[in-house]
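As you go down the protein sequences, you meet chains A and B in turn. Reading the first sequence from the start, the letters are residues -8 to 358 in this note's numbering. Reading the second sequence from the start, the letters are residues 1287 to 1368 in this note's numbering.
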Amino acid sequence: YVFTPGNPKWKRNNLTYRILNYTPKMRRADVDEAVRKALSVWSNVTPLTFQKVEDKEADIMISFAYRDHQDNSPFDGPNGQLAHAFQPGEGIGGDVHMDEEEDWTKGGKGYNLFIVLAHELGHSLGLSHSNDPGALMYPTYSYTDPNEFLLPQDDIEGIQAIYGQSTSAVQPTGPVTPEACDPNLTFDAITTLRGEIFFFKGRYMLRKHTARTETELNFISLFWPRLPSGIQAAYENIETDEITIFKEDKYWVIRGYDVLPGYPKPIYRLGFPKTIKRVNAAYNDETTGKTYFFVADRYWRYDEKKKSMDHGYPKKIVSSFGKIGRVDAAFQKDGYVYFFHGTTQFQFDPRAKRIVQQMKSTSWFNC
Amino acid sequence: FPVAPEAEDEEKSLQLVESYLQNFYDLQRDHHPRLRRGGENPLTEKLKEMQLFFGLEVTGKPDLDTLKAMKKPRCGIPDVEQ
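The structure is reproduced here in structure tokens:
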């Protein structure tokens, strides 16, 4: 996190805000809700409070503006610069200006008003741009479902360094951006996808092409805005060029950027008993066309052609794959299956039916 | 003759790079030609600063990843002190 040069801050904790005008692209009530929620992002983690006022000057004046709006920082029309805000201070200090020519929405289409407002309010309170790609104060727009939004740890530490901690008994903490070479890095799910490998963690995915040294970090929502964060299992069916994503008792089938119509579906359509509430890991064996699902200490085998579970399952993981414990994530590459358990990774040879190597979970990232 | 598409793209990219660095990385708008006194081209210097901020490979050149980052919708506040 970065403070605004000169460390400007509000001298009071009880601040006021006013919405000067409304964008015609959203219902007024949705704009009010987006503003209220964006302010609570910061009041939830500090002693700050925000009171809405009408018809008088407020500390933070929020407005939608076009191109040149007399503050020496003209907007540039659709896309590009979405909004800006001023550091704490009298007059224009703390004010937030939204570019009226953007497609403001309350969902994943266009630009989510709540997300952009929450970022700009960080400036209104004295924060500058952070170079943590997962931080709310990172300069470029990225969508997160507002219902799933958690203020990242980098932003919490930044704003608390200015205004102090929250007054609530339990101090809030936020998600930390995964780093590829963090020795403690574990994964929620892993899948291959058209020759690359996607490692899922929280709302992020680390994308690795074996021919490139660097690892790309993105939000899952960048490719698939309709997917939730925190997915639990994933596998690629190379024959159909689809990946299947699991979270709790639902699954999605994706081709390229598109979630196929009719999804999510309940996992019971695949033949799981109702007692199963989630899938921990999955991989598809390209040679046999069978998909292996791992749940707690057991696994199922699914026939992709017959579209049904094979008989005689579930079986104990240890009976077929050895002492690999519970499986967090799995994928198959070049004939070997890679099982991830915490920070440990096992390379399993399905032909020899034994583990041939044990590595660290981060071995794919050229650390 | 119509300008070859590649040259046109290059011109556009250069304009994008310059305006991005002027808006967000305090690249001075050069209105008066000045005698260069050696040292690095200010644009290259600012480009490196931007690449470092975004965790891109610091090449000092407007490569594809850098242009991709510059085209992303973003906040209008500069990334460095003006």
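The beta-carbon is built from N, C-alpha and C at its ideal position, and this holds for glycine as well.
From the beta-carbon of Glu1367 (chain B), the residues of chain A found nearer than 7 Å are Pro(-4). For Ala321 (chain A), DSSP records a beta bridge to A:Phe330. Around the Cβ of Cys358 (chain A), a 10 Å sphere holds fewer than 16 other Cβ atoms; the residue is exposed. Taken through DSSP and simplified to helix, strand or coil, His120 (chain A) comes out as coil.
With the criterion set as a beta carbon lying under 8 Å from some beta carbon of chain B, the members of the region 115 to 138 of chain A are Ser119, His120, Asn122, Pro124, Pro130, Thr131 and Tyr132, in sequence order. Taking a C-beta distance under 7 Å as the contact criterion, Phe191 (chain A) and Ala202 (chain A) do not qualify as a contact pair. Of all residues in the region 102 to 116 of chain A, those with a C-beta nearer than 9 Å to a C-beta of chain B are Tyr102, Val107, His110, Glu111 and His114, reading in chain order.
The C-beta distance from Arg1360 (chain B) to Pro130 (chain A) rounds to 5 Å, short enough to meet the 8 Å contact threshold. Listed along chain A, the residues sitting closer than 8 Å to Lys1358 (chain B) by beta-carbon distance are Thr131 and Tyr132.
Taking 7 Å as the threshold, the shortest C-beta distance from His75 (chain A) to chain B falls below it. Taking 7 Å as the cut-off, the Cβ atoms of Phe330 (chain A) and Ile315 (chain A) count as close. Around Asn(-2) (chain A), the same chain offers Gly117 and Ile153 as residues with beta carbons nearer than 8 Å, after the five sequence neighbours per side are excluded.
Under the Cβ distance rule, Gly1346 (chain B) does not count among the residues neighbouring chain A, no pair being separated by less than 7 Å. Residue nearest to Lys307 (chain A) within the set A:Gly155, A:Lys324 and A:Ala287 is A:Ala287 (criterion: CA-CA distance). In the structure shown, Trp1 (chain A) falls within a coil segment according to DSSP collapsed to helix, strand and coil. In the DSSP assignment, Leu11 (chain A) falls outside any alpha helix (DSSP H) and carries neither an H nor an E.
The C-beta separation of Glu227 (chain A) from Thr183 (chain A) comes to about 5 Å, placing the pair in contact by the 8 Å criterion. For Lys256 (chain A), the three-state secondary structure derived from DSSP is strand. With respect to the C-alpha of Asp1295 (chain B), the residue from B:Leu1353, B:Ile1363 and B:Gly1362 having the closest C-alpha is B:Leu1353. Against chain B, the beta carbon of Ser64 (chain A) has neighbours under 7 Å at Gly1362, listed in chain order. Listed in chain order, the non-local C-beta contacts of Pro65 (chain A) below 7 Å within the same chain comprise Arg58 and Asp59, local neighbours out to five positions each way being set aside.
DSSP, reduced to helix, strand and coil, places Asn175 (chain A) outside both helices and strands of the structure shown, so it counts as coil. Lys1332 (chain B) counts as buried, since at least 16 other C-beta atoms from the protein chains shown sit within 10 angstroms of its C-beta. By alpha-carbon distance to Asp1365 (chain B), the top candidate from B:Gln1301, B:Val1344 and B:Gln1308 is B:Gln1308.
By the 16-neighbour rule on beta-carbons within 10 angstroms, Thr353 (chain A) is buried.
At a Cβ-Cβ threshold of 7 Å, Asp90 (chain A) and Leu73 (chain A) count as neighbours.
For Ile211 (chain A), there is no enclosing beta strand (DSSP E); the residue is found in the alpha helix (DSSP H) stretching over Ile211 to Phe214. At least one beta carbon of chain B lies nearer than 7 Å to the beta carbon of Gln72 (chain A). Under a 10 Å Cβ-count criterion, Val270 (chain A) is classified as buried, with 16 or more other Cβ atoms of the shown protein chains found around its own Cβ. In the three-state scheme derived from DSSP, where H, G and I count as helix and E and B as strand, Met52 (chain A) is classed as strand. In the structure shown, Asp1295 (chain B) falls within a helical segment according to DSSP collapsed to helix, strand and coil. With a cut-off of 8 Å on Cβ pairs, the region 129 to 146 of chain A is in contact with the region 214 to 227 of chain A, counting three or more such pairs.
Counting the other CB atoms within 10 Å of its CB gives Glu230 (chain A) a total below 16, which places it among the exposed residues. Leu184 (chain A): member of the beta strand (DSSP E) spanning Ala180 to Leu184, first to last residue.
Under DSSP, Leu1300 (chain B) takes part in no beta bridge, so it has no partner. Closest option to Asp325 (chain A), judged by alpha-carbon separation, among A:Val318, A:Arg342 and A:Phe178: A:Arg342.
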